[in-house]
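For reference, the structure discussed in these notes is given below.
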Amino acid sequence: AVRIGQQVWVAGTTAVDENGLVVGENDPEAQAAFMLVDLLITRAPEQAGPLLLNAMQGAEAKVQDYILRRLPPLNPEGWREQARRLLTHEEQRLSCTAMEMLWQAGDPEAVRQARVWQKHGNPRLSSVSLAILKQSGEASEREAARLALLDMLAQDEPGTNMAAMHALRTTRDVCMIDA
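In this note's numbering, the protein residues as written are 1 to 179.
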């Protein structure tokens, strides 16, 4: 990367995720954010955490979502507080990412929030919370979460089915249902 005045020129970097899929297709801003975050983490990991946490302020939801997924391994001071604030963000994908990152980091707030979300009418929020409760809740919650996910899977609503399949895959639960 070369900086010329207010511009940064980057060559040889593409917006491709760990699965080889293009990130931010037809969205140059999202592609640039993806590449710059990865470049920062690769070239200056000791500085990346605080800089990325600061960059989240005011960024659009999809950029915040991408940055939030990179923060836990860097463990900058204040990332958990930022993630907790995002649990109530209007963009549900960002809220779900915050929940998943907190849960993976062992933060008890993830399980507390999962108990609130499990009855939510939105399949994405419900499935994320049920996946967490299925793995981290009390024994009765784990079984109830498993049954609720199976019930979501059996519904005729494609969005609900997909959310349940993702949650069951996340919890490595394999099941068969009658078609």
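Beta carbons are placed, not taken as given, at the ideal position from N, Cα and C, and that holds for glycine.
Per-residue burial, residue i [other beta carbons within 10 Å of its own, 16 or more giving buried]
| i | result |
| --- | --- |
| T97 | buried |
| S140 | exposed |
| Q113 | buried |
| Q118 | buried |
| R115 | exposed |
| I67 | buried |
| G78 | exposed |
| W9 | exposed |
| T42 | exposed |
| V111 | buried |
| A44 | exposed |
| I177 | Caution is warranted here: a pLDDT of 48 is assigned to I177, below 50, making its placement in the model unreliable, and the coordinate value is therefore given only provisionally. With fewer than 16 other Cβ atoms within 10 Å, it is exposed. |
Within 8 Å, strictly: CB atoms of residue i and residue j
| i | j | result |
| --- | --- | --- |
| P73 | M101 | no |
| A59 | F34 | no |
| E109 | R84 | yes |
| L153 | R142 | no |
| L53 | Q82 | yes |
| V63 | A30 | yes |
| V22 | R70 | no |
| D65 | L87 | no |
Any C-beta of chain C under 8 Å from that of residue i
| i | result |
| --- | --- |
| S126 | As a matter of chain content, chain C is missing from the structure shown, which is built from one protein chain. |
Cβ-Cβ separation, residue j to residue i (assumed contact under 8 Å), whole Å
| i | j | result |
| --- | --- | --- |
| A61 | E25 | No, A61 and E25 are not in contact; Cβ-Cβ is about 17 Å, not under 8 Å. |
Top-ranked residue by Cα proximity to residue i, from the options
| i | options | result |
| --- | --- | --- |
| N75 | S95, M162, G49, H89 | G49 |
| A164 | Q6, E138, L130, D27 | L130 |
| S136 | M99, Q6, M162, H166 | M99 |
| D17 | R3, Q6, A32 | A32 |
| H120 | D156, P28, T160 | T160 |
| W103 | A55, N122, R80 | R80 |
Inset, instruction - Indicate whether the contact test is met: 3 or more Cβ pairs, each with one atom in the segment 120-127 and one in the segment 141-157, closer than 8 Å. - result: yes
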